[in-house]
Ligand SMILES: [Zn+2]
């Protein structure tokens with residue numbers, strides 16, 4: 035019989051378990067790392083070429099297979115260039131979204147995305163109708179790259195970014211605040227001591 039010797043250890047484990055459960059319920063004792071991890075995993079929007087939408091975790095990468103249509107879906111970008119022809123076209127709160135389609139992706143026989151490996155990747159992407167950088171199609175229709183200054187081209191690049199879903203944006207702001215509060219309270223960035 036070893037029961038007596040093990041009792042204090044068991045009690046300690048139970049206490050630890052209770053503390054963990056209580057911590058989960060209250061939430062404020064998260065580390066800065068945990069807050070940052072949630073920020074990086076907030077849902078993002080993917081679009082197929084046909085405009086079908088898929089909300090998923092960003093960890094899936096820049097391309098996924100949309101389950102209903104079985105089409106490739108790429109991360110949605112948004113253009114905020116002041117001269118964008120599509121700037122105010124959409125009234126549903128989602129401005130001009132587009133995708134940066136990489137034509138080297140295809141869906142294999144098992145329905146998984148596969149990337150074709152070629153010697154000169156960027157040249158091949160452009161040859162197949164893709165672009166070297168995320169490019170708003172509406173702006174592109176008005177642009178003449180041969181006449182653009184580097185500054186003009188740079189502004190087009192800077193005015194496109196990943197689209198952030200409104201719910202994710204709101205949650206990110208909450209997490210920003212939580213992060214600041216935690217840091218102000220001397221929050222550790224590593225695991226709890
Ligand atoms: Zn644009």
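Numbering (this note's numbering), first residue to last: 35 to 227. A virtual CB, placed ideally from N, CA and C, is assigned to each residue, including glycine.
For residue j and residue i, the rounded distance between their alpha carbons
i: residue 171; j: residue 88; result: 20 Å
i: residue 208; j: residue 134; result: 29 Å
i: residue 157; j: residue 137; result: 11 Å
i: residue 183; j: residue 153; result: 30 Å
i: residue 55; j: residue 64; result: Residue confidence for residue 55 is low, a pLDDT of 48 falling below 50, so the modelled location carries little weight and cannot support an answer.
i: residue 92; j: residue 71; result: 12 Å
i: residue 113; j: residue 188; result: 13 Å
i: residue 181; j: residue 102; result: 42 Å
i: residue 141; j: residue 168; result: 22 Å
i: residue 228; j: residue 197; result: Missing from the structure shown is residue 228; the chain here goes from 35 to 227 and no further.
i: residue 219; j: residue 144; result: 51 Å
i: residue 76; j: residue 201; result: 9 Å
i: residue 97; j: residue 206; result: 23 Å
i: residue 95; j: residue 73; result: 16 Å
i: residue 177; j: residue 66; result: 44 Å
Outcome for residue i when other beta-carbon atoms lying within 10 angstroms are tallied against a minimum of 16
i: residue 149; result: exposed
i: residue 216; result: buried
i: residue 117; result: exposed
i: residue 99; result: buried
i: residue 194; result: buried
i: residue 78; result: buried
Simplified DSSP state of residue i, which is helix, strand or coil
i: residue 106; result: strand
i: residue 150; result: coil
i: residue 113; result: strand
i: residue 197; result: coil
i: residue 90; result: strand
i: residue 76; result: coil
i: residue 202; result: helix
i: residue 120; result: coil
i: residue 174; result: helix
i: residue 212; result: helix
i: residue 68; result: helix
i: residue 157; result: helix
Per DSSP, cross-strand counterpart(s) of residue i
i: residue 190; result: Residue 190 is not bridged to any residue.
i: residue 182; result: Beta-bridge pairing links residue 182 to no other residue.
i: residue 134; result: Paired residue(s): none; residue 134 is not in a bridge.
i: residue 140; result: 148
i: residue 98; result: 107
i: residue 81; result: 87 and 108
Residue i at chain D interface by Cβ criterion, 8 Å
i: residue 105; result: You won't find chain D in this structure, because it holds only one protein chain.
Inter-stretch contact at 8 Å, needing at least 3 Cβ pairs: the stretch 108-120 / the stretch 63-82 = yes
Do the stretch 167-181 and the stretch 198-213 touch if we need at least three Cβ pairs shorter than 8 Å?
-> no
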